[in-house]
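Single-structure report; data block below.
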Amino acid sequence: MSRVRVDEDIRPLSEFRAGVATFVKQIHETRRPMVLTQRGRGVAVLLDVREYEKMQERLEILEDVYKAEEQIASGDGIAHEDAKARVLSRLAR
180 MSRVRVDEDI RPLSEFRAGV ATFVKQIHET RRPMVLTQRG RGVAVLLDVR EYEKMQERLE
240 ILEDVYKAEE QIASGDGIAH EDAKARVLSR LAR
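Using my numbering, the first residue of the sequence shown is number 180, and each one after it goes up by one.
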């Protein structure tokens, strides 16, 4: 996902209400998120659906890595060679 461009991607909620279709088109074309503000404060972020799905997939992977690090720290991990042997035996089936 591309970074927010402050001059283009932060808009007041009132502007968004007036031009929803235009803003949705911009989000879809640029793949950048849009921050909506109300009274000068950020209140919502709009994302293209595909960008949101990519973000969710990345988050799931990071959660798996975090869980694995916790398991290793608590002594629940297995040696590399054992893990490799398990994977290879499953692939051979």
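Glycine included, every Cβ here is placed at the ideal spot set by N, Cα and C.
query: Where LEU241 falls: helix, strand or coil (DSSP); result: helix
query: Alpha carbon of ARG269 to alpha carbon of ASP261, nearest angstrom; result: 13 Å
query: Cβ-Cβ distance between VAL199 and PRO212 below 8 Å; result: no
query: Straight-line Cα distance separating PHE202 from GLU230; result: 16 Å
query: From GLY254, ARG272, VAL214, ILE240, residue whose alpha carbon lies closest to that of GLU194; result: VAL214
query: Distance CB(MET180)-CB(LYS263) smaller than 8 Å; result: no
query: Span of the beta strand (DSSP E), counted from its first residue to its last, around ILE189; result: 189-191
query: Minimum C-alpha distance to LEU226 - residue among ALA197, ASP188, LEU241, GLU239; result: ASP188
query: Near the ligand COA: ARG211 beta-carbon under 7 Å from a heavy atom; result: The ligand COA is absent from the structure shown, which contains no ligands of any kind.
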